[in-house]
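Worksheet: the structure to be examined is printed underneath.
Residue numbers (the numbering used here), protein chains in the order written: chain A, 1330 to 1454; chain B, 1330 to 1454.
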């Protein structure tokens, strides 16, 4: 088994999802050992939802799953990097392609880019 | 002031450093409000060192500072993305360009790439 270091952050480590083709960073979520194992065995990005306190297969509600193409871990084994194919074109629950759609300019926040989907349509069916 | 959400993770939020030109993810570290403010005002990536429990201007020992070109934050204001120019060519204290030099292949870890510098020479002068 691959030993990650979950001790420093109370059982959860951050996992970055990056578009494997463009290099764009799509989102950051958290994993426990079970989420990491599920990601490895299913090749679908699986996180631990801190708000719902349960495993979370990304895209299970929206259909926007993340097909894992490559997994990297960092020097001290406490951060995961997933290179993924983002099915449906958007990773963010707001409908944006990437969660990082807020840019800091001159000390304030500017939203960039347009949502790919309407969250109300996707989540409130 | 830009309000980030430090509550969910006990006062620290993850900050991803990405090469602004190539899109390569270089490292992940943590920020408190003070580190974020210092990064904004100095344009040099400044983190909070969990091991040393103090502000940490990345590269202050090695010389490998990160010149900040752009700052993004995510949808729920609890992750920072820095697009940086990595001075000295390497972000990792091991001498690798990126901290994410361990790739998971067939259930085991393979190190990829060669260190750019020798950490013993850089840190033990």
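For each residue, glycine too, the CB sits at the ideal point set by N, CA and C.
What you are looking at is a predicted structure, and each value in this text was computed from that prediction instead of being measured.
Inset, instruction - State the DSSP-derived secondary structure class of residue 1437/A, mapped to helix, strand or coil. - result: strand
Legend entry - Buried or exposed by the 16-neighbour rule on C-beta atoms within 10 Å, applied to residue 1330/B: exposed
Legend entry - Contact with chain A by residue 1402/B, beta-carbon distance below 7 Å: yes
Inset, instruction - Specify, as a first and last residue, the run of the alpha helix (DSSP H) that residue 1341/B falls within. - result: Premise fails: residue 1341/B is in no alpha helix (DSSP H) and is neither H nor E.
Legend entry - Enclosing alpha helix (DSSP H) for residue 1362/B [first to last residue]: In the DSSP assignment, residue 1362/B falls within the unbroken alpha helix (DSSP H) covering 1362 to 1371.
Inset, instruction - Enumerate in chain order the residues of its own chain whose CB-to-CB distance from residue 1412/A is below 6 Å, with the five nearest sequence positions on each side excluded. - result: 1347, 1349, 1398, 1399
Inset, instruction - Report yes or no: do the stretch 1412 to 1430 of chain A and the stretch 1383 to 1394 of chain A share at least 3 C-beta pairs separated by less than 8 Å? - result: Judged by pairs of C-beta atoms under 8 Å, the stretch 1412 to 1430 of chain A touches the stretch 1383 to 1394 of chain A, as three or more such pairs exist.
Inset, instruction - Can you check DSSP and say which residues form a bridge with residue 1396/B? - result: 1373/B, 1414/B
Legend entry - Residue interval of the beta strand (DSSP E) (run including residue 1386/A): Start and end: 1383 to 1386.
Legend entry - Same chain, Cβ closer than 6 Å to residue 1388/B, neighbours up to 5 away in sequence not counted: 1394
Inset, instruction - In the DSSP assignment, find the alpha helix (DSSP H) that holds residue 1445/A and state where it starts and stops. - result: Per DSSP, residue 1445/A belongs to no alpha helix (DSSP H) and is neither H nor E.
Legend entry - Closer than 7 Å to chain B by CB, residue 1411/A: By this cut-off, residue 1411/A is not an interface position.
Inset, instruction - Could you list which residues in chain A have their beta carbon closer than 8 Å to that of residue 1448/B, in chain order? - result: Within 8 Å Cβ-Cβ: nothing; residue 1448/B doesn't reach chain A, min ~11 Å.
Inset, instruction - Return the Cβ separation of residue 1407/A and residue 1334/A in integer angstroms, given the expectation that the two are a contact with Cβ distance under 8 Å. - result: 4 Å
Inset, instruction - List the residues of chain A that residue 1408/B touches, going by C-beta distances under 7 Å, in chain order. - result: 1357
Inset, instruction - With 7 Å as the threshold, decide whether the Cβ of residue 1375/B is near any Cβ in chain A. - result: no
Inset, instruction - Check residue 1452/A in the structure and name its three-state DSSP category. - result: helix
Inset, instruction - Using a Cβ-Cβ cut-off of 7 Å, state whether residue 1431/A counts as contacting chain B. - result: yes
Legend entry - Contact list for residue 1444/B against chain D, beta-carbon separation under 7 Å: You won't find chain D in this structure, because its protein chains are A and B.
Inset, instruction - Indicate the three-state DSSP secondary structure (helix, strand or coil) for residue 1401/B in the structure shown. - result: strand
Legend entry - Secondary structure of residue 1348/A, DSSP reduced to three states: strand
Inset, instruction - Check the DSSP bridge columns for residue 1354/A and list the partner residues they point to. - result: 1347/A
Legend entry - residue 1378/B - partner residues in DSSP beta bridges: 1383/B
Legend entry - Between the CA atoms of residue 1430/A and residue 1356/A - distance to the nearest angstrom: 10 Å
Inset, instruction - Answer yes or no: does any C-beta atom of chain B fall closer than 7 Å to that of residue 1345/A? - result: Output row for residue 1345/A: interface = yes.
Legend entry - Exposure label - residue 1381/B; buried when at least 16 CB within 10 Å: exposed
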